[in-house]
Amino acid sequence: MTKKTTAPARAKKTTAAAHKAEAAKAAASGQPARTMTGAQIRRSFLEYFASQGHTIVPSASLVPAGDKSLLFTNSGMVQFKDVFLGQDTRPYTRVADSQKCMRVAGKHNDLEDVGRDNIHHTFFEMLGNWSFGDYYKREAITWAWQLLTERWGLPKASLWATCFEDEKGIIPRDDEAAEIWRTQPGFDVSHLLFFGRKDNFWEMAELGPCGPDSELHIDRGPGYCDKQGVPGHVCRVNGDCARFVELWNLVFIQYNRTGPTAADLQPLPKKHVDTGMGLDRVVSVIQDVDSNYKTDLFTPILDAIQKLAGQTAEERESNFTPYRVIADHGRGAAFLIADGVMPGNTGRNYVCRMIIRRAARFGAKLGFNEPFLARVAESVIENYGADYPELVRSRETILRTLTQEEQRFQRTVDVGIANLNALLSDLAEHGESMLSGEEAFNLYATYGLPLEITRDVADERGLKVDVAGFDLARETHAEASRTEINAGGAEDVALYRGILQDLQAKGLLGPDAVEYDPYNELEFEEPLLAIVRDGQRVTSARTGDKVEVIFPRTSFYVASGGQVTDTGAIAAFRPNSDEPLWEIQVSEVRRPAAGIIIHLGEVTRGTPREGDVALGAVDADRRWDIMRNHTATHLLQSELRYVLGDHVRQAGSLVAPDRLRFDFTHQGMLTQEQLDKVSRSVNDAVLANYPLHIEYMERQAAIDAGATALFGEKYGATVRTVRIGEPEPFSFELCGGTHVVETADIGPFVIVSEEAAAAGVRRIEAVTGRGALDLIHGRLSVLDNVATYLKANPAEVDRRVLTLLDEHQSDQKEIARLRRELAQHELDALLHTVTDVLGVPVLAGAIQNVDADTLRQMTDWFRARVPSGVVVLGSVFENRPHFVASLTDDLVARGLDAGRLIKAVAKVVGGGGGGKPTLAQAGGKDPSRLAEALAQVRPAVESALAAK
Ligand SMILES: [Zn+2]
Ligand SMILES: [Zn+2]
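Going by the numbering used here, the sequence shown opens with residue 6, and the numbers climb by one from there.
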C-alpha cells in the first residue's frame with residue numbers, strides 16, 4: 006500500500022500594506038482611489054471589516070448547502086439564512102465576506118439583458134458584513150460611510166441615502182437610521198430620502214424575520230442619465246436611470262412577522278444587520294468608468310477574447326454584445342465548474358450547459374469555429390485565482406469540461422440551427438410569430454439547443470418562443486427527479502424554539518441545549534423532556550401515535566454529509582424488569598432548530614409521559630453497517646485520487662446501511678483494470694488494519710494541513726477531522742460522520758457498479774461488511790447452481806458456457822437453412838393455387854410461422870418462376886400478422902401498385918404499411934383475421950385493373 010499526501014494549495018498573500026497606503030493617499034487628497042484594482046477593492050473591504058472586529062469567512066459554494074429551495078447562492082446572506090431563522094448558530098457575531106453569486110432568471114435578472122447592457126451579469130460577487138445580535142444601525146451606517154468616503158475617497162456631496170417610510174402608515178418610519186445618516190461627517194442632509202415597502206423594506210418570506218433597509222446611492226452626474234428625453238422620466242434616486250446608482254443596501258432585521266397585520270410584527274429580542282454591495286458596480290464607480298465591462302475585473306478577459314479573435318479595437322467595439330456575453334458566461338461557467346457543477350440536462354447542470362453553449366454560439370459570431378472557451382477561462386483563472394483558489398485547484402477540470410462541452414455542442418449545433426431556421430421561416434410564411442414550446446423542446450432534446458439560444462435566434466428574426474410551453478414540455482418529458490421539500494418551515498422553528506426556551510427556563514436543559522454525541526455510545530438513559538404530536542406539544546401519547554420526542558442528550562445520528570439518519574428504539578421499563586412500560590420505534594432523527602434534536606417515530610406499546618426515564622438505543626447492527634460504508638467511502642475517495650489523479654473531487658455521496666454511493670469528477674468510463682486496482686487498494690487498506698484518528702481542529706489549520714473539505718458542505722470555525730494511516734495519512738478529511746475504529750472492521754469491499762452520473766461526473770456504488778458477504782455468497786451459489794446444471798467444475802463454467810454458445814449459434818444457422826427449404830416447398834405447393842384475375846396470375850396465401858425477411862424471399866422466388874403476376878403472402882410470426890406484396894414490373898403499367906394493395910390487405914388486421922409499386926410490406930395487430938385479409942387480394946387486383 007502506497008502512502009500518499011496532498012500538498013495544500015495556498016492562496017497568494019496580498020500586499021495589504023501597499024494598497025492601504027494607496028487608499029490613504031487618495032483619501033488625503035480627497036480624490037477617489039481610481040488606481041485601486043478590483044482585487045484591491047475586494048481585499049480592502051474585507052480588511053476594513055476585519056479591523057472592526059469581523060471574522061472574515063471564505064465565500065460559500067455557488068451550490069447552497071442544504072437549501073434545496075434555491076438553485077444557486079444568489080446573495081451574501083444565503084449561507085447565514087439558518088442563523089436569521091434561528092435554526093443554527095455561528096461561533097462569531099460579526100462576519101464579512103465576498104460571496105460568489107449566480108442569478109440566471111427571475112425578478113432580479115433576465116438573461117437576455119446580459120451582454121446587451123452595462124450592468125447585468127449571470128455571475129457576480131457580493132461584498133457583505135453581518136451582525137448577529139451584535140452591533141446595529143449606528144455602526145453599520147457609520148462604517149459604510151467611512152469606507153466609501155474615507156477609504157475609497159468617493160465624493161461626499163454625490164452620495165444619497167434612503168430610509169424606510171411605510172406608504173400604508175402601518176409600520177413605524179425608520180427615524181433611527183435617518184438620524185444616524187444626518188450626523189455623518191460631510192453628509193448633505195438634503196440627500197436623505199424616504200421610500201416605501203418596495204424599495205426599503207426587506208422580507209425573507211411571507212412570515213419570519215424582516216425589517217427596514219437603508220440604501221446608499223451615488224449621483225454620477227447628469228451626463229450619465231440614459232433616459233434624457235424619455236417621457237415621464239424623473240432624474241432622481243430610484244428613478245431607474247444610470248445617473249443614480251445604488252451601491253450598498255443595509256438591512257436591519259428587527260421584526261419577526263407571524264401574520265399579515267401590523268400586530269403580527271413582533272420586535273426581535275436580538276436584532277441583526279445584513280448588508281450587500283455588488284463588487285462589479287462599486288469597482289466601476291471607483292474606477293470611474295461607465296460600464297462594469299470596462300473595469301479591470303473584465304478588461305483582461307475581453308482582451309483575451311480580442312486576441313483570440315484577432316480583431317481590432319473598432320471590431321471589438323462594434324461586436325460588443327458577443328464580447329460581453331462570452332466574458333460574462335465564461336466567467337460564470339469557470340466558477341460553476343470549480344464548485345462541481347458540470348454541464349447536464351437538469352437544474353444547475355442545465356444552467357452550466359446553457360451558458361457554455363450560449364457563449365459558444367456568440368463565439369461563432371466572432372468567427373471562432375474551434376473550441377475557444379478554455380482560453381477565456383484561463384484569463385478568468387489568472388484574474389480571480391488569487392482570491393478564489395478553487396479556480397486554480399480545478400484548473401484542468403474547468404478547461405477540459407469547457408472544451409468537451411463545446412465539442413459536444415458543435416456536433417449538433419449546425420443541424421439544430423438549420424432546423425430551427427426552417428421552422429421559423431415556416432412560421433413567418435404562415436404569418437405566425439410564436440414558435441411552440443413543444444418544438445423548442447424537441448430542438449433541445451434532439452440537437453441540444455438550449456431554450457435561451459432558440460430564443461436568441463428567434464429574437465434576431467423578430468419572432469417569439471412559447472417559454473411556458475417549453476417548460477411544460479420539459480416537465481412532461483423529465484425523468485422523475487423532483488427536488489425534495491425542505492423539512493421544517495418557520496412555524497416548526499417557532500414551536501421548537503418555544504419548547505427549548507421552556508425547558509431551559511425550567512432548568513431541564515442547560516445553556517448548550519440538547520447534547521449531541523453519536524460518536525461514543527450507542528445508548529443513553531435520560532428523562533423524556535417533551536412530546537410533540539400533530540405539530541403540538543402534549544404531555545403524553547398513546548400506542549399508535551406518531552410522535553416527536555426530545556431528551557437532554559442523544560446518541561442517534563442526524564442525517565448529514567451524505568450519511569443517513571440512525572434508527573432504533575426508545576423504551577421505559579418497570580423497576581427490575583425487562584418488560585417495557587412503553588416503547589417508541591424511532592425512524593428518523595432531525596435538528597429542526599438550533600439546540601433541539603427530535604426523535605421521530607411511532608409509539609408501539611404503552612403510554613409515554615413527560616418525565617419518564619427511558620433508555621434510547623440506536624439499532625447497532627444497522628449503525629455498524631453505516632459506519633463500515635462511511636469509512637470505506639473515505640478509503641475509496643483516497644484510492645480514486647491515487648489511481649486516477651488529483652482531479653478527482655467528490656461531487657456527491659450517500660452513506661446508507663446497505664450500500665455506499667460516491668459521485669466524483671472524472672472524464673470517461675473507468676476501465677476494468679482501473680476498477681480492479683481501486684478495489685484491490687481499498688481492500689489492501691482494510692487488511693492493513695489502520696486505526697482511525699479523530700481530531701477537532703481550527704478549520705484553517707486543518708485545510709492548511711491538507712485535509713479534504715467536502716464540496717457544498719458547511720463548516721464552523723472548529724472542524725472534526727478523520728485521518729487514516731500513519732505517520733503520513735493517506736486519507737484526511739473534514740467529516741462529521743461516524744466511523745469504524747480501525748479499517749479491518751470494514752470487512753470485504755466490493756464495487757457493484759460504475760456509471761455516468763452527469764457530464765464529467767462518474768458514480769460508483771459499492772458494498773462492505775455484511776452487504777458484501779451477502780453479495781459474494783449470493784454470486785457463489787448462482788455459480789454453483791450453473792456448474793451443477795452444466796455438470797462442470799465451477800472453475801470451468803465460463804469455458805463451458807462459451808462452448809455451448811458456439812453450439813447454439815451453429816444450431817441456429819441450421820434451423821434457418823431448414824426453414825428456408827421448408828418455405829420453398831410451401832411456395833411450390835401454393836403455386837398450384839394461382840388463379841387468373843382479368844388475365845393476370847394472382848397468388849394470395851398464408852405461410853406458417855415465418856418472419857418478414859423469409860416472406861420477402863418467397864415473393865422473389867415467385868417472380869423468378871412466373872413471368873408476369875401478383876403475389877401477396879401473409880404469416881403470423883411472434884403472434885403478429887404481417888404481409889409482403891410483390892408484382893412483376895410489367896403490371897405497374899396496367900395500374901397495379903403493391904403499396905396500395907398491401908394497404909387494403911393490412912387494414913383488415915388493424916395495421917398499415919407501404920413500399921414501392923413493385924414491392925411493399927405491412928404489419929397488423931389482429932392475427933385471427935389473417936385469412937380474411939388475404940381474401941381482399943383478388944377483389945383489390947380486379948378493381949385496380951378495371952379502373953385502368
Ligand atoms: Zn436620469
Ligand atoms: Zn466522511
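Ideal placement from N, C-alpha and C gives every residue a C-beta, glycine not left out.
Could you tell me which residues DSSP pairs with residue i in its beta bridges?
{"i": "Tyr521", "result": "Thr559"}
{"i": "Ile769", "result": "Phe667, Glu759"}
{"i": "Ala927", "result": "Phe888, Gly918"}
{"i": "Cys740", "result": "In the DSSP output, where bridge partners are listed per residue, Cys740 has none listed."}
{"i": "His277", "result": "Phe137, Ile258"}
{"i": "Pro846", "result": "Asp841"}
Could you tell me the boundaries of the alpha helix (DSSP H) in which residue i lies?
{"i": "Ala433", "result": "400-434"}
{"i": "Tyr355", "result": "352-370"}
{"i": "Gln817", "result": "802-836"}
{"i": "Pro305", "result": "304-314"}
{"i": "Val385", "result": "378-389"}
{"i": "Asp224", "result": "Asp224 -> not in any alpha helix (DSSP H); beta strand (DSSP E) instead, spanning 213-224."}
{"i": "Pro327", "result": "325-343"}
{"i": "Pro944", "result": "942-952"}
Any heavy atom of ligand 1 inside 8 Å of the beta-carbon of residue i?
{"i": "Arg248", "result": "yes"}
{"i": "Asp279", "result": "no"}
{"i": "Asp4", "result": "Nothing in the structure corresponds to residue 4, since the chain is present only between 6 and 953."}
{"i": "Cys357", "result": "no"}
{"i": "His222", "result": "no"}
{"i": "Cys168", "result": "no"}
{"i": "Gly226", "result": "no"}
Please report the straight-line C-alpha distance between residue i and residue j, rounded to a whole angstrom.
{"i": "Gly512", "j": "Ala599", "result": "18 Å"}
{"i": "Gly315", "j": "Ala309", "result": "10 Å"}
{"i": "Leu508", "j": "Val543", "result": "14 Å"}
{"i": "Leu448", "j": "Arg366", "result": "15 Å"}
{"i": "Leu955", "j": "Phe867", "result": "For the chain, the structure presents residues 6 to 953; residue 955 sits outside this window and is missing."}
{"i": "Phe340", "j": "Thr351", "result": "18 Å"}
{"i": "Asp171", "j": "Gly213", "result": "19 Å"}
{"i": "Leu440", "j": "Ala463", "result": "8 Å"}
{"i": "Phe754", "j": "Thr676", "result": "18 Å"}
{"i": "Glu489", "j": "Arg595", "result": "Confidence at Glu489 is low in this model, with a pLDDT of 27, below 50, so the placement of that residue should be treated as unreliable; the coordinate-derived value is given next. Spanning the two alpha carbons is a distance of roughly 16 Å."}
{"i": "Tyr524", "j": "Leu641", "result": "22 Å"}
{"i": "Val897", "j": "Leu795", "result": "58 Å"}
{"i": "Val909", "j": "Ala869", "result": "It should be noted that the sequence gives Ala, not Val, for residue 909. Rounded to the nearest angstrom, the two C-alpha atoms are 25 Å apart."}
{"i": "Asp204", "j": "Leu221", "result": "12 Å"}
{"i": "Lys105", "j": "Asp392", "result": "11 Å"}
{"i": "Lys921", "j": "Val876", "result": "14 Å"}
{"i": "Glu700", "j": "Gln415", "result": "50 Å"}
{"i": "Asp293", "j": "Glu465", "result": "33 Å"}
Would residue i be called buried (16 or more neighbouring beta carbons within 10 Å of its own) or exposed?
{"i": "Tyr695", "result": "buried"}
{"i": "Ser582", "result": "exposed"}
{"i": "Val618", "result": "exposed"}
{"i": "Val845", "result": "buried"}
{"i": "His277", "result": "buried"}
{"i": "Val420", "result": "exposed"}
{"i": "Asn374", "result": "exposed"}
{"i": "Glu937", "result": "exposed"}
Taking only heavy atoms of ligand 2 into account, decide whether any of them is closer than 8 Å to the Cβ of residue i.
{"i": "Val745", "result": "no"}
{"i": "Cys740", "result": "yes"}
{"i": "Thr638", "result": "yes"}
{"i": "His635", "result": "yes"}
{"i": "Gly955", "result": "Any question about residue 955 goes unanswered here, given that the chain covers just 6 to 953."}
{"i": "Val727", "result": "yes"}
Residue i lies in the beta strand (DSSP E); which residues open and close that run?
{"i": "Lys105", "result": "99-107"}
{"i": "Lys682", "result": "First-last for Lys682: 677-692, but that is the alpha helix (DSSP H), not the beta strand (DSSP E)."}
{"i": "Val68", "result": "Careful: Val68 lies outside any beta strand (DSSP E) and carries neither H nor E."}
{"i": "Gly244", "result": "Where Gly244 is concerned, there is no enclosing beta strand (DSSP E), given that its DSSP letter is neither H nor E."}
{"i": "Ser933", "result": "Looking at the DSSP string, Ser933 is not in any beta strand (DSSP E), and its letter there is neither H nor E."}
{"i": "Ala166", "result": "164-169"}
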